[in-house]
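Sequence positions in the sequence shown follow the numbering used here and run -16 to 274.
Idealized CB from N, CA, C, for every residue including glycine.
Report on the following structure.
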Amino acid sequence: MQFEPVSLSWQDVYLNYFVKMQEKPSDLSFVNIFGWAEEYGLQLIEKNNFLWLKQTSPTEIFWPPVGDWEVEWNNVLTSLPFPVYSLERVPGSLAFIWEKQFSNIRIIPQREHWDYVYLVKELIELSGNRFHKKKNLLNQFFKKYNYVYKELQPKDIEEVLTLQTEWCLWKECADSKALEAENKAIFRVLSSWEQLKNLFGGAIWINNQMVAYTIAEPLDHETLVIHFEKGCPKIKGIYQAINYLFLKNSADNFKFVNREQDLGDIGLRKAKKSYNPYGYVKKYKVDLGLS
-16 MQFEPVSLSW QDVYLNYFVK MQEKPSDLSF VNIFGWAEEY GLQLIEKNNF
34 LWLKQTSPTE IFWPPVGDWE VEWNNVLTSL PFPVYSLERV PGSLAFIWEK
84 QFSNIRIIPQ REHWDYVYLV KELIELSGNR FHKKKNLLNQ FFKKYNYVYK
134 ELQPKDIEEV LTLQTEWCLW KECADSKALE AENKAIFRVL SSWEQLKNLF
184 GGAIWINNQM VAYTIAEPLD HETLVIHFEK GCPKIKGIYQ AINYLFLKNS
234 ADNFKFVNRE QDLGDIGLRK AKKSYNPYGY VKKYKVDLGL S
């Protein structure tokens, strides 16, 4: 048995393991690992009642094992046919389980990978001074534009891809490795829209033209994660509008929304903090001290 590239054939097995995890970061959702599989050279193997996820590009490093973390880890790790000494993007719940079991462990915060988690109700209501600017932009959008919001259907995906291509021209993705990589991940996910389970989204149209879209996935019955969200930069308030309309019309049955990490980008960190996060899915680099 060898590591295999992440592909759609893993989906059912993966989801069965994923649901057992005590904490569910955005990185480990199946849509995320499938979308970014080529960029990071992600590979999987099933061993010792876990799925082991390995990044092979640009460097080789393990991501957290997927499954029920409440086990005797020394037995699990020492009987693996491959060494697992250090891992990245490890959620706090797992890091602290390991801390109790391994005396030589080293745990280092990876702040750039922490997921931002918000209250859905708060982002729909936008009450109070902290949301004053966002509510103003939203009201300006509603006043100026005759828009239509709808949940995404398979027939809309071609239009989403067209908008994404245009967005990349506006943002000059070709000059940014990060944006180009994200664009490839978006195309990979959207091209498999009907095969990927649990994927849903919404879009805004103005004058019969799509001007914004969002793509999301439930992490559990209380929390959804927004993987991708893009809007026409010429339209003032478009991001406030797609965020509000999607949550209000398509996701108000969830309590929390995970809007992923800031990757250390100062502008992105400021923007994510401005929406008043309820909390974070904290992640760490872990050296288990076994080598």
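In this structure, 132 is the residue among 21, 137, 250 and 132 with its C-alpha nearest to the C-alpha of residue 190. Within the same chain, and ignoring the five residues on either side of residue 205 in sequence, the residues whose Cβ sits closer than 7 Å to its Cβ are 237, 238 and 239. Note that the C-beta distance between residue 269 and residue 150 is not below 8 Å. Under the three-state reduction of DSSP, residue -3 is assigned to helix. Exclusion of the five residues before and after residue 153 leaves 216 as the residues of its chain whose Cβ lies within less than 6 Å of its Cβ. In this structure residue 241 is buried. Its beta-carbon is surrounded by 16 or more other beta-carbon atoms within 10 angstroms. Counting only residues of its own chain and dropping the five nearest sequence neighbours on each side, residue 12 has a CB closer than 7 Å to the CB of 200, 202 and 208. By the C-beta density criterion, residue 184 is buried, having at least 16 other C-beta atoms within 10 angstroms. Proximity to residue 70 across 144, 37, 254 and -13 peaks at 37, based on C-alpha coordinates. Here residue 228 is buried: its Cβ has 16 or more other Cβ atoms, across all protein chains shown, within 10 Å. Pairing residue 63 with residue 167, the inter-Cα distance amounts to about 33 Å.
Taking 8 Å as the cut-off, the Cβ atoms of residue 221 and residue 197 do not count as close.
Of the residues 195, 8 and 39, the one whose Cα lies closest to the Cα of residue 50 is 8.
For residue 102, the enclosing beta strand (DSSP E) stretches over residues 98 to 102. The three-state secondary structure of residue 223, taken from DSSP, is helix. Residue 165 counts as buried, since at least 16 other C-beta atoms from the protein chains shown sit within 10 angstroms of its C-beta. Contact between residue 39 and residue 26 is confirmed by a C-beta separation of about 6 Å, below the 8 Å threshold.
By the CB criterion at 8 Å, residue 172 and residue 162 fall outside the cutoff.
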